[in-house]
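Notes to accompany the following structure.
Numbering (the working numbering), first residue to last: 942 to 1126.
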């Protein structure tokens, strides 16, 4: 009843991650009949399965404040555990079957990939910067070891100095200093 009065939520339809495409199975009474063991209780009803290749869709309640849209990921309670679910449809208004023989569950949380992706990108940029610093450090170490091992004034040392100067990365131009402010008094 509370769900019918509360205007702060809506319902979403989701596919739970990890659910395999459900293949229709033979009803239990057909299996038993084929095995020669017909159980009268099995005749009460066959288990329903969605058409072959389709994932089962579940309905959950979510606060409107979350701003859920198709394609968002949610954490939802499923089979006595939490599961990841992909939102395939968002209802404009809650769709609640008051005669259903189950209770609609609330989604636990919306997964925010924006913050995660930002962290991953910052880490990637930092890694690239560290690699560049390490590369420069290794180059300087190599240049210094050659410089230390070649005698001062030798032809080899002169050739080495000329080569390292020609291979050095160009120095980026510096911006000219700002002109001093003139007092308009």
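In this text, a Cβ means the ideal position worked out from N, Cα and C, and glycines have one as well. Source: prediction; values computed, not measured.
Residue 1043: not part of any alpha helix (DSSP H); DSSP gives it neither H nor E.
Per DSSP, residue 1034 is not a residue of any beta strand (DSSP E), being assigned neither H nor E. Fewer than three pairs of CB atoms, one per stretch, sit closer than 8 Å, so the stretch 1082-1093 makes no contact with the stretch 1042-1057. Look at residue 1076 here: in three-state DSSP terms it is helix. Segment contact: the stretch 953-960 against the stretch 1017-1025, three or more CB-CB distances shorter than 8 Å; contact assigned. For the pair residue 1010 and residue 1030, the Cα-to-Cα distance works out to about 8 Å.
Residue 949 sits in coil when the DSSP states are folded into three classes, being neither helix nor strand.
With a threshold of 16 other beta carbon atoms within 10 Å, residue 1120 falls short and is exposed. In the structure shown, residue 1061 adopts helical secondary structure according to DSSP, grouped into three states. Boundaries of the alpha helix (DSSP H) harbouring residue 1108: 1096-1108, taken from the DSSP string. For residue 1051, the three-state secondary structure derived from DSSP is strand.
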